[in-house]
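K.L.:
The following block contains the structure, expressed as structure tokens.
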Amino acid sequence: MSSATEIATLKRLAAGIIRAQGNRFVKELLRAKKIRIGLNKDDFERHLTEAIESGQLTLEDVEQWLNEVEGWGNQHVYLFNISPTLKRELTLPKVRQRVHDAGLDDVWDAPTVLAFPDQPQLTSISFRDSVLRLVWQEASPGWVPEPEKNYTEQEGLDTYEYRAYRKVEWRAVTRFEAHLASDLAALFIANPIQGEEHQAAVAEAERVIALLMDLPRLKSGQCNIPIVSKNLDQKNVPTNKTPNPPVKAQKSRLGSGDAYVEFAANASDKAYWEVPAIQNVRNSVRAQQLKVFHGTEGVFIFQIGDGLTRPLRVQLHGKDHRIRLRAEMDAGEVWTILTKLSFYQ
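Residue numbering for the sequence shown follows the working numbering, beginning at 76 and increasing consecutively.
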């Protein structure tokens, strides 16, 4: 039976995840644990509470689940290819020694930290199943509207309307993972971390990564997003052989020199080439002509199939070689998307 403190922690944790990501992922956890979900929001919240209070859902269950769903998707990603030389350096004995030399023994194989500090904090380094994983956690404050607190006030001949917002603490996770089996690594920055804070998070991650591996060698293998964006568009225009390609290009901007051309659909769930007239224009551009172009920006929809159970939108920014995942996902969906992108290098 869980302690009163653990039960209270679990309730706060579940409420925080639902607030940040909706209840989709919590529902999947309940299904996996064979806990009844119910037909509506009230049923769901009641059954979740009952499962926590009865011990059917434990802190260990939630910690394991968090590693799979929290902080995945709705984030910015920098993707890297792991070279054979770098891969030879990433062995468990070598990494473990570097962790010790860097004075980071306290976070080696550390359990999930439920408290999120005001500043980014490295909370875990692990190396299991050929995956090196680093995790930073922080609280990211934000504001949500509270319409029921709105009110108007009359002062003389003027009417004032006051709109209420409630301060909340979003949970933000920064990750770096090196998957040696697929020769891919990625740095993940949560979307709430933006602007100067985003750049600071990248710098802090690189500082720690440099303690564990050859950072310049890692960065030299960064995925060339302008090439990926161009190839994604070019290889997924419908043809007689592939009338329904696996990726829809909602927007593709192709640049050359100081100019660019852009194809885009107004609807976020459609491909620009689903309009026959636009597809005819796009088909007039030959592969040979595209050699002098690069993808400056693109929005692509990966369709159901080949590891995906729902369409997922991805935005590619060529200038800073950045990937933007536009939906909440789990770890499996994220790595399926990144692996697919790597095929277009």
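Just so it is clear, CB atoms sit at the ideal spot from N, CA and C, and this is done for glycine as well.
#1: Locate the beta strand (DSSP E) running through L232, then write down its first and last residues.
#2: Closest by CA to P351, which one among I379, V312, A278?
#3: Along the chain, where does the alpha helix (DSSP H) containing L179 start, and where does it finish?
#4: Identify the residues that DSSP records as bridge partners of R397: which are they?
#5: Write down the C-beta distance between K425 and G373 rounded to the nearest angstrom, noting that I regard them as a contact closer than 8 Å.
#6: Look up M76 in the DSSP assignment and say whether it is helix, strand or coil.
#7: Whole angstroms are fine: how far does the CA of D184 sit from the CA of I353?
#8: Of the residues K310, T124, V137, which one's Cα is nearest the Cα of N358?
#9: Should W410 be labelled buried (16 or more other beta-carbon atoms within 10 Å of its own) or exposed?
#10: Excluding five sequence neighbours on each side, which residues of the same chain lie with their C-beta closer than 6 Å to the C-beta of R399?
#11: Is DSSP giving Y347 helix, strand or coil here?
#12: Identify every run of the alpha helix (DSSP H) within the stretch 320-383, keeping only runs that are complete inside it and at least 4 residues long; order them along the chain.
#13: If you draw a straight line from the alpha carbon of W218 to that of K224, how long is it in whole angstroms?
#14: Could you spell out the range, first to last residue, of the alpha helix (DSSP H) harbouring L165?
#15: What's the call for M76, buried or exposed, on a 16-neighbour Cβ count within 10 Å?
#16: Going by alpha carbons, who is nearest to P386 out of A214, P321, S417, D233?
#17: Our contact map puts F155 next to G380 with C-beta atoms below 8 Å; I'd like the distance itself, whole angstroms only.
P.N.:
Put simply:
#1: Annotation for L232: no beta strand (DSSP E) segment contains it, and DSSP assigns it neither H nor E.
#2: Of I379, V312, A278, the residue nearest in Cα terms is V312.
#3: DSSP places L179 outside any alpha helix (DSSP H), giving it a letter other than H or E.
#4: According to DSSP, residue pairing for R397 in a beta bridge involves H392.
#5: The requested residue 425 does not occur in the structure, where the chain is confined to residues 76 to 420.
#6: Its pLDDT being 49, under 50, M76 is placed unreliably by the model, and the measurement read from it follows with that caveat. Of the three classes helix, strand and coil, the one that applies to M76 here is coil, per DSSP.
#7: Their Cα atoms are separated by approximately 53 Å.
#8: Ranking the options by Cα distance to N358, first place goes to K310.
#9: Residue burial is scored here from C-beta neighbours: W410 has at least 16 other C-beta atoms within 10 angstroms and is therefore classed as buried.
#10: So the list reads H151, Q390, once near-sequence residues are dropped.
#11: Taken through DSSP and simplified to helix, strand or coil, Y347 comes out as helix.
#12: Taking only runs of at least 4 residues, the alpha helix (DSSP H) segments lying wholly in the stretch 320-383 are 351-358.
#13: Their Cα atoms are separated by approximately 14 Å.
#14: That residue, L165, is in no alpha helix (DSSP H); it is neither H nor E in DSSP.
#15: Because the pLDDT of M76 is 49, which lies under 50, any placement of that residue in the model is unreliable, and the question is left without a value.
#16: Nearest of A214, P321, S417, D233 to P386, Cα basis: P321.
#17: Not quite, the Cβ-Cβ distance comes to about 26 Å (not below 8 Å), so this is no contact.
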